[in-house]
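First comes the structure, then the notes that go with it.
Residue numbers (my numbering), protein chains in the order written: chain A, 384 to 661; chain B, 258 to 671.
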């Protein structure tokens, strides 16, 4: 992305905006205002020689319409005279005002702290044998608790019951004659999850361990064993909150169990519930 | 928004690729072993010619990849060429037609998947006439080409001197011949690997012994079954969790072989005339009592067939030592002890095998030799140290994952 504005004339006519543009985090002139205040990173602005810190929560407010521009322009005349502290206060007031006017519940709702529970139910399958041994009964529930602070980066814990595979097959030419095997592999992960949301699209990454159980019944003997495996998790999904507390979503995810070299891919529907806000 | 979304998606893709890259690539290189075009219509060489061709050669063109020297050694039905650089080697099949000796096969680097065909000839004027008539030639030059990244490159090997011979020295390969990570044409600890191992210049193998649930000794390295060694996802327990029948019917090693029993592995070793020593790495104490009678039975069979082969029970820790000492007449069961000098004496083992990182230990090795016993080191893979141990050390053998490098250093020794 280029820092070069596409329309410098507009900038020159609007000194206030220009001073915003001097913030280092501005990436694209189309977002002259938007980017100044929506940038997803904590940033520092240099206004009248004073370094002003912006937390990302303030920066995340929507300010794209003409009212926002008008408010900025109104402050243009006093911008040169007020001291740095006043400038900061004005901006904070402005951002707070914008929050009330233009933000929607949940869609930009990272200005408060909350805990969200995401209950998922979906279908998982071993990606290594995706085309050969699809097991439609492999429905897997999952539970994720996310702490959503006033930053875009959320953190939480996740567990699930993953039906990694469930097969039944026959080996007709074994040295013991025709032999049948029934085997299932289930995983119970405990993962530390990090999550970022953008435009309702959430990306999830996780690390942790999975308690894997294997049950095999073959040639007259049942064997149940278990083991722990380091596990990586990646997910991408969409979340939509239809009220202050409830939302729904869907997610595609992949668990990778180390050493077993199994990747279990899945699709799931989610019910999201903000059970604690402050 | 589209640009940011694209970046997000690219980020996810990159993360998936990074995570995926953690999985080792165990795919064996595609070896052009079947391209025997030049050898069509040739006759096999006599054993006298084979011996005359063995030697240390100076490499003319081609030294960039393979170093200045090469060792050519007959290994079973083929010749192996051990190069001095980059742990590289070649496996060549030979034949004679109209007074010219032809070699055809492949070369490869042991540590990566680079490989290619190699074709060499000895012209009648370059020594073939003498070699084929059983006379030592005054000049012996192999010339030809090898393929590197799809390009044919010239190579020439000129005979310098005979190979170093010491029939009491052991080049012992790990896990039956090589590990899966080394991308050999057979799985580690398989019968197929034991059969293949002679091409790598070995005269000894180490194999790992565990017991199935019904106490059958089988060959398998890791404590838990996993995708590094087997193809089946749902076998995740220890070998001892499953019956022999379950393992044999439903588990395949990475290249599709079955997990061998100890008896199958020993039979494969006995059928492979290059192998003179089998080191049984006992994975836990209860293994020892089970493998001892099999060892005895096998050694008796070898003796009746006049086959010179040793089988040693490995003693890697004190628990296994105690299990070994509890065997009735344990001195009748040849063993190899990896423990310190006092425990080695206690073990009555005929071979002492410290880890190589403890150094050359000349005094201890001399003490072992004074007891008419032998000393090996394990598991030595570093080319510089292989050179040092062979040049300056007094050990009687090296256990390694790169036997071709040990073979090069040993046979090129002046």
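All C-beta atoms in this analysis are idealised placements derived from N, C-alpha and C, irrespective of residue type, glycine included.
Checking the DSSP bridge columns, you'll see residue 551(A) partnered with 565(A). By the Cβ rule, the region 441-448 of chain B does not count as touching the region 492-503 of chain B, because fewer than three pairs are nearer than 8 Å.
Rounded to the nearest whole angstrom, the C-alpha separation of residue 526(A) and residue 534(A) is 22 Å. Going by beta carbons, residue 522(B) and residue 634(B) fall outside the 8 Å limit. Within the region 519-545 of chain A, no residue places its CB atom closer than 7 Å to a CB of chain B. In terms of CA proximity to residue 628(A), 661(A) leads the group 538(A), 555(A), 600(A), 661(A). Those residues of the region 491-523 of chain B placed with their C-beta closer than 9 Å to a C-beta in chain A are 491, 492, 493, 494, 495, 498, 499, 500, 502, 503, 505, 506, 507, 515, ordered along the chain.
In summary, residue 546(A) is buried, with 16 or more beta-carbon neighbours lying within 10 Å of its beta-carbon over all protein chains present. Comparing alpha-carbon positions, the option among 642(A), 622(A), 645(A), 646(A) lying closest to residue 503(A) turns out to be 622(A). The straight-line gap separating the alpha-carbon atoms of residue 342(B) and residue 598(B) is approximately 36 Å. Taking the C-beta atoms as reference points, residue 352(B) is found no nearer than 8 Å to residue 329(B). In this structure, the beta-carbon distance from residue 568(B) to residue 535(B) falls below 8 Å. The Cβ atoms of residue 604(B) and residue 581(B) lie closer than 8 Å to each other.
With a threshold of 8 Å between beta carbons, residue 483(B) makes contact with chain A. For residue 554(A), the neighbours in chain B by C-beta distance under 7 Å run, in chain order, 506, 507. Excluding its 5 nearest sequence neighbours in each direction, residue 587(B) has C-beta neighbours in its own chain below 6 Å: 581, listed in chain order. Burial check for residue 305(B): the Cβ neighbour count within 10 Å stays below 16, so the residue is exposed.
Contact of residue 601(A) with chain B is assigned, a C-beta pair being separated by under 8 Å. Distances from the alpha-carbon of residue 658(A) to those of 650(A), 615(A), 626(A) put 626(A) closest.
DSSP places residue 343(B) outside both helix and strand once states are collapsed to three, so it counts as coil. For residue 558(A), the residues of chain B that pass the 9 Å Cβ criterion are 502, 505, 506, 515, in the order they occur in the chain.
Close partners of residue 604(A) in chain B (Cβ separation under 7 Å): 500, 503. Per DSSP, the unbroken alpha helix (DSSP H) holding residue 664(B) starts and ends at 660-668. For the set 537(B), 612(B), 560(B), the Cα lying nearest the Cα of residue 637(B) is the one of 612(B).
Among the CB atoms of chain B, one or more fall inside 8 Å of the CB of residue 597(A). In the DSSP assignment, the residues bridged to residue 615(A) are 590(A), 639(A).
Assigned with DSSP and collapsed to three states, residue 317(B) falls in coil, not helix or strand. The Cβ of residue 635(A) sits no closer than 8 Å to any Cβ of chain B. The beta carbon of residue 645(A) falls within 8 Å of a beta carbon belonging to chain B, placing the residue at that interface. For residue 465(B), the uninterrupted beta strand (DSSP E) run begins and ends at 461-468, by DSSP. Within the region 505-550 of chain B, the complete alpha helix (DSSP H) segments at least 4 residues long are 519-528, listed from N- to C-terminus. Our two residues, residue 602(A) and residue 564(A), have alpha carbons roughly 7 Å apart in a direct line. Within the region 412-494 of chain B, the runs of alpha helix (DSSP H) that reach at least 4 residues and sit entirely inside it are, in chain order, 448-453. What residue 564(A) touches in chain B, judged by beta-carbon distance under 7 Å, is 507, going in chain order. Between the region 651-670 of chain B and the region 420-437 of chain B, the count of C-beta pairs closer than 8 Å reaches three or more; the two stretches touch.
CA-to-CA, the gap between residue 368(B) and residue 496(A) works out to about 53 Å.
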